[in-house]
Amino acid sequence: MNSTIKPLILCVDDDEVTRRLLERLLKNAGFDVTTAKSGMEALAKVSKKKPDIILLDIIMPEMDGYEVCSRLQENDETSYIPVIFVTALGDKQDKTKAFSAGAADYLVKPIKKDDLMQKIRKHIKTDIQWKELRADAGAWYERLLPSEFIQFKEFLFAQLSLGHEKKYKLSNISPQKIYSIYRVAETNNSRIAQYIAEFLKLPYISHINHDNIRLGVLPAAYCRSNHVVPVSDASGKETFVLSNPFDWDLMDNLMKLSGLDKRSGLMITEPDNIDLLFENEKIIQSPTISPIKDRRKPAELSESEIKEKPVVHISNIILDRAVRERVSDIHIEPKEVDTVVRFRIDGDLRDIITVKKETGIKLISRYKVIGGLDIAEKRRPQDGAFAAVIAERTFNFRISSTSTPNGESLVMRMLEPYEKPKELAELGMTEKQVNTLVACTNRNAGLILIVGGTGSGKTTTVYSLLSKIDIEIRSLMSVENPVEYRIPLANQHQVNEKAGITFDALLKASVRQDPDILYIGEIRDNYSAKMAVNFASTGHLTITTLHTSNATTAIFRMERVGVDRGIMADTILVVVAQALLKKLCRDCKKVVPISQEEVEMLSLFTDDIPSMVAHILWVVQNVITQAIMDAKGSTKFSPLIRKFLKWFAPVFLLPK
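So this is what it looks like as structure tokens:
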């Protein structure tokens, strides 16, 4: 930064008195100052002219400081600007959240002039260092491997007792991909990190103490991408925790910034532990989900509380309860005089809370802001998304808004992208079905169709199936709208209509990338159907889904979108048809030996007859049953069960 140019400070606070105070103090100290009264205004100003430092209030309406900081981290041009949070809190938890959101430091209100000037002068230097750090970024993994890394690989292979074939497969692995070997080596990232620490004679730590994190040393974007965290050790000495000490550019930068003597004093941990520190940041492409002290159900909130609590608080409680109750969709529906929030649980919609019309409008605007939608546009349908960490679990939310005669309506679909895929047997498949399906995935060519109705769990089945594929030796590419679950080492592509990245364009580009396996999120039209069968018939494995009620109608549906039966006969390996069945109430069911009458009934549909079945006696009237369910906090009896009871009254049975 040119010393003749005054540093530019952006002050963001919804309180006018605070903005004026900061502006006066900083201008008197010789700084250029610009102000913003909201997060949206701040982001707009940063996009036009980048400040050297941002002073950012945390608690603001609609978009709080964590969310603003998170959006700055998404852009390479703004992620290296030092952000100082201005907060009335300042406890240990806020320090951790500040780091994960990308802040360099924080000031505690009421603001003292000396503290303010000390922080500003400190981070003017930080700004200069971070700009140099960004300019020095290089592709370290493209360099020739030094002998030390080769020696480490030999050490690692010896520790893991790898056979000749696995050694050969891993012999050309680069430092960049050192943690990707866990699949082939049949180990885990924790063990790999421990082997690195043992080889370099450095301490290994299994978790990072949040209290020891040092703010403002490195940009959060740099820490996240390089898996490094500035900390103080037990003796108070300044050091770093990192995952890959074979990243030579990183080591050079650490030595340059901190005077680090080679690797002395470093601590090693696996990348997952560092990623955990940034999970909070994902909240805020979105709402700030802070721990909620009032653990009552939102439905039990009194009318006075709903009126008094800010919209941010209500929106957080709704998401928190949605996670606890295993909700798949959240509906916010305007009525003539009020707005109803409804949850879809086990396929059924249930009213949760009713709020005033004005509160409903603010609630929808809140979710639209964090989902990247235009809050001024209330007539045209819009789609968006955000991510949140709730109860230490990461969730993706897909938002869809539309206009109704009573006002704007919003629906949010909840997904857990990093959830471990379920075993196929857990989804209800028999051992024979699992073996058949896995055998099909080992084929080099052909089409696997997963079919079922909307919400029947097709995507869950697909991801469980994909988890069975050895992606180390086969290239897996997907075209999805959107990417719902993350597949390690797979090349997943997401449709983005706003950016001109259409489903057809992505599909055409993916085919050119020479994948061994192509996963198409859904056959939706003639083009995607023909691409799927053409790709499957040219020596590649294709996996896709189709909206039909059963396996037979899948063939007719493929015909309707223009696929010839002869081509289908040549390419289709297997059609998996599925439906989602609800479980019986665990408090009401009774497991008993199967009767002869039940054996005869089930034998019409399957040869796999269970020896035990679950019965539920229909001896409790609906009103009493509902009271029992409410008392236990459980779910209602399924309408599906009632439907079957009409056929098999008084007993309903399912395999255990």
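Quick note on numbering: full-length UniProt numbering labels position 272 of the sequence shown as 272, and the sequence is numbered without any gaps. Even for Gly, the Cβ is constructed at its ideal location relative to N, Cα and C.
- Excluding residues up to 5 positions away in sequence, Thr-34, Pro-51 and Ile-54 lie with their Cβ nearer than 6 Å to the Cβ of Leu-10 in the same chain.
- By the neighbour-count definition (other C-beta atoms within 10 Å, threshold 16), His-164 is an exposed residue.
- Assignment of beta-bridge partners to Arg-214 by DSSP yields no partner.
- In this structure, the CA atom of Lys-237 is about 12 Å from the CA atom of Met-267.
- Residue pairing by DSSP places Phe-85 opposite Leu-56 and Tyr-106 in a beta bridge.
- Residue environment: Leu-489 is assigned as exposed (fewer than 16 neighbouring CB atoms within 10 Å of its CB, all protein chains considered).
- As DSSP reads the structure, Pro-219 sits in no beta bridge.
- The alpha helix (DSSP H) runs lying completely inside the region 388 to 466 and spanning 4 residues or more are 431 to 441 and 458 to 466, given in chain order.
- In the three-state reduction of the DSSP assignment, Tyr-179 falls in the helix class.
- By the Cβ criterion, the region 564 to 571 is in contact with the region 532 to 539, since at least three pairs of Cβ atoms, one from each stretch, lie closer than 8 Å.
- When Arg-326, Lys-357 and Lys-45 are compared, the shortest CA-CA separation from Phe-343 is found for Arg-326.
- With distances taken between CA atoms, Ile-317 lies nearest to Ala-391 out of Ile-345, Leu-254, Asp-338 and Ala-391.
- In the three-state reduction of the DSSP assignment, Ser-206 falls in the coil class, being assigned neither a helical nor a strand state.
- Beta-carbon to beta-carbon, Leu-160 and Thr-187 are separated by about 6 Å, close enough to satisfy the 8 Å threshold.
- The residues Leu-25 and Leu-107, in chain order, have a CB closer than 7 Å to that of Leu-116 in the same chain once the five nearest residues on each side in sequence are set aside.
- Measuring C-alpha to C-alpha distances from Ser-180 to each of Phe-605, Lys-508, Glu-472 and Leu-546 identifies Glu-472 as the nearest.
- By the 16-neighbour rule on beta-carbons within 10 angstroms, Asp-57 is buried.
- Residue range 311 to 324 is occupied by the alpha helix (DSSP H) that includes Arg-324.
- Counting along the chain, the unbroken beta strand (DSSP E) around Gln-578 starts and ends at 572 to 578.
- Taking the Cα positions, Lys-109 is about 40 Å away from Glu-419.
- Shown here, Ile-9 sits in a strand according to DSSP, grouped into three states.
- For Leu-22, the uninterrupted alpha helix (DSSP H) segment begins and ends at 16 to 28.
- Ranking Lys-49, Val-613, Met-60 and Ser-47 by CA distance to the CA of Thr-18 puts Met-60 first.
- Residue pairing by DSSP places Ile-345 opposite Asp-348 in a beta bridge.
- In the three-state reduction of the DSSP assignment, Asp-608 falls in the coil class, being assigned neither a helical nor a strand state.
- By the 16-neighbour rule on beta-carbons within 10 angstroms, Arg-224 is buried.
- Beta bridge pairing from DSSP links Thr-544 with Leu-449 and Ile-520.
- Residues Trp-140, Asn-226, Val-228, Leu-242 and Asn-244 of the same chain have their beta carbon placed closer than 8 Å to that of Leu-250, with the five preceding and five following residues left out of the count.
- Sixteen is the threshold: since fewer than 16 other Cβ atoms of the shown chains lie within 10 Å of the Cβ of Tyr-168, the residue is exposed.
- By the CB criterion at 9 Å, Gly-539 and Asn-396 fall outside the cutoff.
- Ranked by Cα distance from Ala-551, the first of Cys-588, Gln-596, Ile-448 and Met-612 is Ile-448.
- In this structure, the straight-line span from the alpha carbon of Ala-42 to that of Ala-36 is close to 5 Å.
- Our two residues, Gln-73 and Phe-278, have alpha carbons roughly 11 Å apart in a direct line.
- Inter-segment contact for the region 459 to 476 and the region 494 to 507 is absent: fewer than three beta-carbon pairs are separated by less than 8 Å.
- Between Phe-99 and Ala-221 the beta-carbon gap is near 12 Å, outside 8 Å, which marks them as no contact.
- Here Gln-129 is buried, its C-beta having at least 16 other C-beta atoms within 10 Å.
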